[in-house]
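Report on the structure given below.
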Amino acid sequence: MKKLFTQNLGYRLIALVLAVLLFAYVKTDHLTATRTSGGDSNQNNSALMSTKTTTITMPVDLDVNTSKYVVSGYRENVKVTLSGTSALVTTLTNTRNFKVYLDLQDYKAGKYTVKYKVTGLGKDIKYKIDPELAKISIARRRTKNFEIRYRYDTNMIKEGYTMGNVKSSTTEVQATGSATDIKRISQVVADVNVPSNTTEDISARAVLQALDVNGNIVNVVLTPQSVNVTIPVTKVAAKAKSSASTSSSSSSKSSSGESSSDASSATDESAQSGSNASTNSSAQTTSDSATSDSTSTSDASGNTDTQVN
Numbered sequence: 001m002k003k004l005f006t007q008n009l010g011y012r013l014i015a016l017v018l019a020v021l022l023f024a025y026v027k028t029d030h031l032t033a034t035r036t037s038g039g040d041s042n043q044n045n046s047a048l049m050s051t052k053t054t055t056i057t058m059p060v061d062l063d064v065n066t067s068k069y070v071v072s073g074y075r076e077n078v079k080v081t082l083s084g085t086s087a088l089v090t091t092l093t094n095t096r097n098f099k100v101y102l103d104l105q106d107y108k109a110g111k112y113t114v115k116y117k118v119t120g121l122g123k124d125i126k127y128k129i130d131p132e133l134a135k136i137s138i139a140r141r142r143t144k145n146f147e148i149r150y151r152y153d154t155n156m157i158k159e160g161y162t163m164g165n166v167k168s169s170t171t172e173v174q175a176t177g178s179a180t181d182i183k184r185i186s187q188v189v190a191d192v193n194v195p196s197n198t199t200e201d202i203s204a205r206a207v208l209q210a211l212d213v214n215g216n217i218v219n220v221v222l223t224p225q226s227v228n229v230t231i232p233v234t235k236v237a238a239k240a241k242s243s244a245s246t247s248s249s250s251s252s253k254s255s256s257g258e259s260s261s262d263a264s265s266a267t268d269e270s271a272q273s274g275s276n277a278s279t280n281s282s283a284q285t286t287s288d289s290a291t292s293d294s295t296s297t298s299d300a301s302g303n304t305d306t307q308v309n
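This is the structure we're talking about:
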C-alpha cells in the first residue's frame, strides 16, 4: 500500500506545480479583464456626463392667423447655440425635435420688434438665439387672380420654321400677399427658354414671376408657382415660298411694262408737238405772202385766227 503512494512521486509533484501555476494565470487574467472593463465603463460614463456646446441652424415658425395677415421682415432661419450634457446636446443636434417661433397671436396690422422663442427644450439645456429680436411688418392678407403672360425669343428657331400659339396647363395664377404688394403687380410672366436653331415643338416647365411696372419682382406667393408650357414649331411650306416668289416676279414685270408704255407715250407727244409747230409756221408764212393787209394770232394750242381789213 505504501509502495502505491510513493511510486512515481516525482511526476505527481510536477503535475501539481503545473496545475497551481495554470490556476494562478487564469485568475490573474480574469482580474485584469475585469479591471479594464470597469475602467472603460467609467470613462464612457464620464464622457456622457461632460458638458458640450454646439451651434445649429433652425427654421422659424410663425404663430399667427395666416388666413388674415401676412408677416414680413423676419429671418426664415436663425442660429441656436445649445449647452448641456454631451448626451442631450448630441441627441438634440441629431433629432432637432424642438422649435423656434414668433408668437404673433395678439398682434394686429403694423410694425413691431418681437423676440424669437424656443419650445421643446428641457430644463437641463441652455440656449441662445442669434439674432434675438426680429423687426417685422404685419399687413392684411389679400388674394387676386392674374392672367399669365409668356415671354420667349422667336428668333431662336431655325430659319424656315415658324412658332405657333402657346399652350399652357393653366392660364391664370393666384397671387397672395399684402394689399400694398398686390396693388404693385403689373403682370405675372412665365419666361420660356427656346434653344438655338429649334426645329421641334418646345415643352418646358416655366417659373412664374410677379412684376411691377418697372419690371421688378414683387414679393408675393403665387399659386401655382410654375406651369407646363408647349409651343408648336412647324416648317414653312415650300409651296407658299414659290407662290410668294412668283407674285414678286409678276409685280416686277408689270412695273417694267408700265415704264416702257410711259416712255413711248412721251415720245409720241414730243413728235406730235413738233409736227404741229412746223404746220403752224408754214401756214403763217403763206398767209403773209398772200394778203399784206391780214393780221394772224396763234394761241397756246397752235390754232390760227385770221382777220381781213
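For the sequence shown, the working numbering begins at 1 and goes up steadily by one.
The beta carbon of each residue, even a glycine, is placed where N, CA and C say it ideally should be.
These figures come from a predicted structure and were not determined experimentally.
Compare the C-alpha of residue i against each of the options and name the closest.
i	options	result
R184	S203, F23, K99 and G215	G215
V189	R142, E172 and D181	E172
E159	R142, T198 and V207	T198
G110	R140, E200, N165 and F23	R140
E76	L92, L102, S67 and V89	L102
I182	G164, V80 and V218	V218
S67	V213, T85, V227 and S178	S178
S86	V80, T54 and E200	T54
Given this structure, state the Cα-to-Cα distance separating residue i from residue j, to the nearest angstrom.
i	j	result
I56	P232	50 Å
N145	V70	18 Å
S169	A134	40 Å
S83	T113	27 Å
F98	Q225	30 Å
N94	V118	17 Å
T143	N65	15 Å
V353	R205	The displayed coordinates of the chain run from 1 to 309. Any statement about residue 353 would go beyond what the structure contains.
L13	S50	56 Å
V229	T180	30 Å
S203	G164	13 Å
F23	Y11	19 Å
D201	A237	17 Å
A19	Y25	10 Å
If you follow the beta strand (DSSP E) that residue i is in, where does it begin and where does it stop?
i	result
N219	Element bounds for N219: n/a, residue is neither H nor E.
K128	K126 to D130
K380	The requested residue 380 is not part of the displayed model; the chain covers only 1 to 309.
I157	Here I157 belongs to no beta strand (DSSP E), and DSSP marks it neither H nor E.
S203	I202 to L211
S226	S226 to I231
P195	Premise fails: P195 is in no beta strand (DSSP E) and is neither H nor E.
D63	T51 to D63
T113	G110 to K115
K99	K99 to D103
Y69	Y69 to S72
Starting from residue i, follow the alpha helix (DSSP H) in both directions and report where the run begins and ends.
i	result
L88	S86 to T95
D191	No alpha helix (DSSP H) contains D191, which is instead part of the beta strand (DSSP E) from Q187 to D191.
I182	A179 to R184
Return the chain-ordered list of same chain residues with a C-beta closer than 8 Å to the C-beta of residue i, the five sequence neighbours on each side being excluded.
i	result
V78	T57, M58, V60, V100, Y116, I129, D130 and P131
A196	Residue identity check: residue 196 is Ser in the sequence provided, not Ala. The residues are M156.
R151	V189, A190, D191 and V192
R96	I56 and M58
Should residue i and residue j be called a contact, given that it needs their Cβ atoms to be closer than 7 Å?
i	j	result
V220	A175	yes
L211	S186	yes
T234	T154	no
Y107	I138	yes
K52	V89	yes
G73	I125	no
D63	L104	yes
Y127	V80	yes
Can you list, in chain order, the residues of its chain whose CB lies under 6 Å from that of residue i, leaving out five sequence neighbours each side?
i	result
V17	none
T91	none
Q209	V189 and I217
Here's a check: name, in chain order, each residue in its chain whose Cβ is nearer than 7 Å to the Cβ of residue i, leaving out the five neighbours to either side.
i	result
A15	none
V213	S186
Hey, is residue i close to the ligand GDP, as in C-beta under 6 Å from one of its heavy atoms?
i	result
V218	Here there are no bound small molecules, and the ligand GDP is not part of this structure.
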